[in-house]
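Below is one structure, written out as structure tokens; comments come after it.
Chains as they are written, first to last, in the working numbering: chain H, 1 to 234; chain G, 1 to 121.
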């Protein structure tokens with residue numbers, strides 16, 4: 001086992017014959033860090049995340065997660081928040097918790113119930129009755145209640161409510177374990193950049209750069225949000 | 001949220017300055033224990049490693065010290081806090097003077113305005 005929890009070498013992925021989603025991506029991501037995966041829609045963020053989670057195959061290149069190839073072991077150590085809802089509408093909060101308990105041995109139910117209480121989400125509430133933002137926070141609460149080595153959060157702040165954003169940041173900071181790796185994809189950078197230690201800028205499926213956020217601020221006198229606007233100016 | 005950060009400037013510097021202010025103003029007193037890195041990270045809403053870096057800087061300047069396995073404390077050296085207060089005050093005055101001069105005030109005018117406004121306080 002090494003500090004380099006995720007090692008990606010020369011990773012490329014195409015859809016069909018012509019659409020290149022990832023192009024020769026090389027990344028080394030180490031434990032104990034919160035890393036921002038930044039890029040506009042269509043830059044390859046979700047494709048990369050799906051490859052890491054074993055949901056997309058047929059890629060070229062080498063992938064090593066905690067020293068292992070993608071498979072049952074790597075799935076067991078990654079807690080993944082997809083960018084879409086994955087619970088059936090008829091379920092209650094309690095049903096979803098039951099599913100997490102069955103699926104993941106590292107799921108801490110007591111922790112989950114604590115977070116949900118803070119969020120004022122009752123165990124008896126039906127998922128159908130939740131607003132979009134509430135569903136987002138609910139799923140994040142479950143994902144962060146696992147004691148995982150790696151958390152991969154795909155667009156955790158989709159909603160617009162600024163107070164809700166603070167709550168989301170708070171849940172992440174409060175519940176990730178210190179030696180774990182948190183990879184967060186987003187295109188809403190200004191709201192969340194202060195929790196990133198490193199940022200990865202993904203442009204047209206390729207890594208533009210992967211740097212320490214504070215060093216970038218020191219060198220450029222710019223925020224990650226400003227740099228993002230520069231790199232991705234149309 | 002504790003303070004609003006300017007994202008163009010390293011966050012750790014802003015955290016460091018904010019903690020310095022709590023010490024200068026006596027919110028955190030000499031010998032008092034600081035919150036844990038985790039709690040400070042939550043309070044400021046920033047990465048724990050950013051807090052760690054701010055604390056290392058404060059420790060290097062002697063303003064805080066680590067009691068092994070217990071935590072971090074504000075220095076017992078009150079002279080050091082006085083010096084810091086003086087240094088920060090001078091910085092602020094310099095900033096103020098350059099703003100006033102940008103506005104076209106000379107020394108006499110600046111002093112007159114200060115006296116006038118201080119008198120009204």
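Ideal placement from N, C-alpha and C gives every residue a C-beta, glycine not left out.
According to DSSP, residue pairing for residue 154 (chain H) in a beta bridge involves H:185. Between the C-alpha atoms of residue 28 (chain G) and residue 17 (chain G) there is a straight-line separation of about 13 Å. Check the Cα spacing between residue 23 (chain H) and each of H:112, H:188, H:61 and H:174: the tightest is with H:61. The beta carbon of residue 139 (chain H) sits closer than 8 Å to those of 81, 85, 86 and 87, all from its chain and outside the five residues before and after it, given in chain order. Cβ neighbours of residue 100 (chain H) within its own chain (closer than 6 Å, five residues either side excluded): 107 and 142. Judged by their CB atoms, residue 195 (chain H) and residue 173 (chain H) are nearer to each other than the 9 Å cut-off. A direct Cα-to-Cα measurement between residue 220 (chain H) and residue 213 (chain H) gives close to 11 Å. A straight-line Cα-Cα distance of about 29 Å links residue 24 (chain G) and residue 166 (chain H).
Taking C-alpha positions only, residue 32 (chain G) is separated from residue 33 (chain H) by approximately 30 Å. Residue contact check for residue 230 (chain H) against chain G: no CB pair falls below 9 Å. Taking a C-beta cut-off of 9 Å against chain H, the contacting residues of the region 42 to 76 of chain G are 42, 44, 45, 46, 47, 48, 49, 50 and 53, listed in chain order. For the region 8 to 23 of chain G, residues whose beta-carbon sits nearer than 7 Å to a beta-carbon of chain H comprise 8, 9, 10, 11 and 12.
Per DSSP, the continuous alpha helix (DSSP H) segment holding residue 94 (chain H) begins and ends at 93 to 103. Within the region 188 to 204 of chain H, the residues whose Cβ lies closer than 8 Å to any Cβ of chain G are, in chain order, 190, 193, 194, 195, 196 and 197. In the DSSP assignment, residue 87 (chain H) falls outside any alpha helix (DSSP H) and carries neither an H nor an E. DSSP, reduced to helix, strand and coil, places residue 61 (chain H) within a strand of the structure shown.
Of the residues assessed, residue 14 (chain G) falls on the buried side of the cut-off, its CB having 16 or more other CB atoms within 10 angstroms. Listed along chain G, the residues sitting closer than 9 Å to residue 222 (chain H) by beta-carbon distance are 7 and 8.
Contact between residue 58 (chain G) and residue 51 (chain G) does not hold, since the beta-carbon distance rounds to 11 Å and is not under 8 Å. For residue 43 (chain G), the enclosing alpha helix (DSSP H) starts and ends at 37 to 44.
In the DSSP assignment, residue 21 (chain H) falls within the beta strand (DSSP E) that extends over 19 to 30.
For residue 127 (chain H), there is no enclosing alpha helix (DSSP H), as DSSP marks it with neither H nor E. In the structure shown, residue 70 (chain G) falls within a coil segment according to DSSP collapsed to helix, strand and coil. Residue pairing of residue 15 (chain H) in beta bridges, as defined by DSSP: H:19. Rounded to the nearest angstrom, the gap between the Cα atoms of residue 211 (chain H) and residue 200 (chain H) is 7 Å. Listed along chain G, the residues sitting closer than 7 Å to residue 34 (chain H) by beta-carbon distance are 47. Residue 48 (chain G) places its beta carbon less than 9 Å from that of residue 178 (chain H). Burial state of residue 70 (chain G) is exposed, judged by a 10 Å Cβ sphere holding fewer than 16 other Cβ atoms. Across the structure, residue 10 (chain H) and residue 45 (chain H) are spaced so that their CA atoms are roughly 16 Å apart. The region 72 to 81 of chain H and the region 148 to 164 of chain H touch, with three or more beta-carbon pairs separated by less than 8 Å.
DSSP places residue 201 (chain H) in the uninterrupted beta strand (DSSP E) bounded by 198 to 203.
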